[in-house]
Each structure stands twice: as structure tokens, then as C-alpha cells.
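Everything on this sheet refers to the single structure shown next.
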Amino acid sequence: MAHEKVQKQLSEYLEYDLRQLIDKRVSAFKRQLEYVKTKDNPHLIKLYSNNWNDEMLKVVFVLNSFYQLVLGPLDSSARSSTNCGLGSDIPISYGKSIKFNASRSRKINKTVESFYNIIAKLEINRFVMGLNSVNDIVFNLAKDSYENE
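Residues in the sequence shown are numbered consecutively from 320, following my numbering.
So, in C-alpha cells, the structure goes:
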């Protein structure tokens, strides 16, 4: 299945605990989807009528989970939102292995932008990456379908 391949590719080099968190989140999304399907959700019906299927939704669940658990926190740490330049002009050391500085921020920003480019090519609104329930994901994906009519 495509979503399993995407998940394996994205999680392959992550620590075991983080891979487990992603797996649990994706599994919860899949269970939620099965429940939503029993409720004749009009937004889910709209997606299905626009050639979406369960596998495509599961890929979105994997991408969302990866963003929420891996990229989102990194993206947040790479923002230079402090007026005094902490992390950008003034490096911050966290233990011996992590240094928050301009170079790290540039790499993370480039990674996040590449991820957003992939999302855009899949015609998925990046707002969907910040959602936490199947109902919200389905509604926002369907909303884009309604706007394109």
C-alpha cells in the first residue's frame, strides 16, 4: 500500500520511539476514518465523488503525522521570532549535540519548504497538516473541492 511505503520512507531513520508515535497516530486516523465512513459524512462522500479513496486519505494521514511529530516542532524551533536574535544571531546550545543557530535554521527552513512543495504538488492545502482529526481533515480537503466547482 502506498501509505505504508510513504510512512516507511519518512520514518526510516527516525528513533524507534518517534516511529512508534507516528505509527500510533496514523493507526488512530485510520480507525477514525472507518468510523466516519459509517456516518455517511457528506464531506467524505464529496471527496469520494472527486476521485479520492481511502488510500489517498491514508497518505494524507501519514504526511500529517510526520509533519505534526517531526517537521512542525523543527520548523517552530527554526523561526527567528525573538527580537533579541536568540537562535539566529545568538546561537543556543542544547546539550552537546544540538546548536540552534542561523545555519541550522536555514537547513530546517529548506526542508520544511521542500515538504510544503510536495504537499502543493499533491494539491493538498498545507493547513491540513496542522489538523488533528479525520473529520477536520476530510472537511478541509472537501472544502477545496467545493471551491473548485
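The beta carbon of each residue, even a glycine, is placed where N, CA and C say it ideally should be.
| Query | Result |
| --- | --- |
| In chain order, what are the residue ranges of uninterrupted beta strand (DSSP E) at least 3 long that sit wholly in the region 338–369? | none |
| Look at the Cβ atom of glutamine 488, then the Cβ atom of valine 453, and state whether they are nearer than 9 Å. | This structure cannot speak to residue 488, because the chain is shown only from 320 to 468. |
| For threonine 357, collect the residues of the same chain with a Cβ closer than 7 Å to its Cβ; drop the 5 residues on either side in sequence, then sort them by chain order. | none |
| On the criterion of 16 or more Cβ atoms from any shown chain inside 10 Å, does alanine 461 qualify as buried, or is it exposed? | buried |
| Considering only residues of the same chain and omitting the five flanking positions on each side of asparagine 360, which have a CB-CB separation below 8 Å? | Asn454 and Val457 |
| Can you find the residues in the same chain that come closer than 8 Å, C-beta to C-beta, to arginine 445, ignoring five residues on each side of it along the sequence? | Tyr435, Ile438 and Ala439 |
| Leaving out five residues before and five after leucine 393 in sequence, what residues of the same chain have Cβ atoms less than 6 Å from its Cβ? | Ile427 |
| Just to confirm, is the Cβ distance from methionine 320 to glutamate 353 under 9 Å? | no |
| Whose C-beta lies closer than 6 Å to the C-beta of leucine 450 among residues of the same chain, with five residues either side of it excluded? | Ile456 |
| Check asparagine 372 in the structure and name its three-state DSSP category. | coil |
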